[in-house]
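First the structure, in the form of structure tokens, and then the observations on it.
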Amino acid sequence: MITLRQSQERGHANHGWLDSYHTFSFANYYDPSHMGFRSLRVINEDRVQPGKGFGTHGHRDMEILTYVLEGALEHKDSIGNGEIVRPGEVQRMSAGTGIMHSEFNPSATEPVHLLQIWILPDRQGLEPSYEQKAFSVAQRQGKLRLIAAKDGRDGAVTIHQDVNLYSAILQPQDRVTYQLQPNRYAWLQVARGAVTLNGHSLNAGDGVATSAAELLEISSDRDAEILLFDLA
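FYI, in the UniProt record's numbering the residues of the sequence shown are 1 to 232.
Now the structure itself:
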């Protein structure tokens with residue numbers, strides 16, 4: 001069964017320096033029917049203006065992934081990391097027992113467009129940790145590339161939950177397939193462009209949940225970028 005979460009149905013908050021859309025309940029946006037999907041708790045699509053960002057704040061017991069679509073995001077945290085995340089890179093921060101961090105757009109002229117993803121960890125009280133890896137366009141062009149997994153296989157970042165996260169960049173006429181196994185669940189997020197999933201037309205910002213063991217067929221007639229979550 002496929003359940004569509006349309007872009008325009010998401011929560012929205014525009015703070016001037018930050019324009020944010022919330023796939024699931026977040027901050028002042030609360031919808032009891034959209035609290036998350038399996039261990040997937042947050043997908044926020046953020047646009048941060050030049051020179052602006054999130055001041056130092058804390059997290060705990062959450063796996064936080066940052067996926068930049070355009071621009072760059074500067075990260076600093078209380079365990080000594082200071083990095084810039086750019087398109088094609090995936091940042092994983094395990095908040096565990098507690099971590100403080102800040103996120104800023106270091107550009108004086110260009111906004112940054114990103115997805116921030118929160119996943120509930122498989123256990124609480126983990127030691128805070130950080131990881132960042134790059135995945136080239138060639139690795140993701142016309143195919144699903146594993147970018148995050150519990151076992152960190154195939155060069156993916158390691159996430160403390162039974163989740164496999166894939167990224168793909170599609171051009172017109174590209175087609176990818178994914179066989180969802182029994183007792184697994186999938187969430188597809190269209191990061192940009194438009195795709196067709198098993199006959200359903202999806203646009204940028206749309207998400208789709210499925211809970212049936214089935215073959216997912218994804219195609220596009222224009223440039224697109226997608227994230228596919230395979231969840232326990």
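Every residue gets a Cβ at the ideal spot worked out from N, C-alpha and C, and that includes glycine.
Under the three-state DSSP convention, the category residue i falls into
i                : result
alanine 108      : coil
glycine 155      : helix
serine 7         : helix
isoleucine 79    : coil
phenylalanine 24 : coil
threonine 196    : strand
tyrosine 97      : The sequence given here has threonine at residue 97, not tyrosine. It is coil, neither helix nor strand.
glycine 51       : coil
tryptophan 187   : strand
aspartate 31     : coil
tryptophan 17    : coil
serine 102       : strand
alanine 209      : strand
leucine 126      : coil
leucine 120      : coil
Extent of the continuous alpha helix (DSSP H) run through residue i
i           : result
alanine 138 : 137-140
Continuous beta strand (DSSP E) stretch holding residue i: start and end
i                 : result
methionine 93     : 89-94
arginine 41       : 40-48
asparagine 164    : 163-170
glutamine 132     : 129-134
phenylalanine 229 : 224-231
glutamine 179     : 175-179
arginine 145      : 145-149
tyrosine 67       : 63-70
glycine 205       : From DSSP, glycine 205 is part of no beta strand (DSSP E); its letter is neither H nor E.
methionine 216    : Note on residue identity: the sequence assigns leucine, not methionine, to residue 216. It spans 215-219 - the beta strand (DSSP E) in which leucine 216 sits, taken as one unbroken run.
Neighbourhood of residue i by C-beta, 6 Å cutoff - its chain only, sequence neighbours within 5 removed
i             : result
methionine 62 : Ala95 and Trp118
arginine 41   : Trp118 and Leu120
aspartate 174 : Gly142 and Ser220
aspartate 206 : Gln6, Ser7 and Val190
Close beta carbons around residue i, own chain, < 7 Å, minus the five adjacent residues each side
i             : result
histidine 59  : Ala95 and Ile99
arginine 222  : Pro172, Gly193 and Ala194
arginine 86   : Val68 and Ala72
threonine 109 : Pro50
lysine 76     : Gly82, His101 and Ser102
glutamine 24  : For clarity, residue 24 is phenylalanine in the given sequence; the question names glutamine instead. Cβ within range, chain order: His34, Met35, Gly36, Arg41, Val42 and Ile43.
Other residues of its chain near residue i: CB distance less than 8 Å, five sequence neighbours each side excluded
i              : result
histidine 57   : Met100, His101 and Ser102
leucine 180    : Ala186, Thr210, Ala212, Ala213, Glu214, Leu215, Leu216 and Asp230
histidine 200  : Ile2, Leu4 and Val208
serine 107     : Pro50, Gly51, Gly71 and Ala72
leucine 197    : Ile2, Leu188, Val208, Leu216, Glu217 and Ile218
asparagine 105 : Val48, Gln49, Pro50, Gly51, Lys52, Gly53, Gly71, Ala72, Leu73, Glu74, Pro111 and Val112
Integer-rounded CB distance, given that residue j should sit under 8 Å from residue i
i             : j            : result
leucine 69    : leucine 114  : 6 Å
valine 190    : alanine 224  : 7 Å
glycine 11    : tyrosine 21  : 7 Å
glutamate 127 : threonine 97 : 7 Å
8 Å Cβ cutoff, residue i in contact with chain B
i            : result
methionine 1 : Absent here is chain B; the protein component of the structure consists of one chain.
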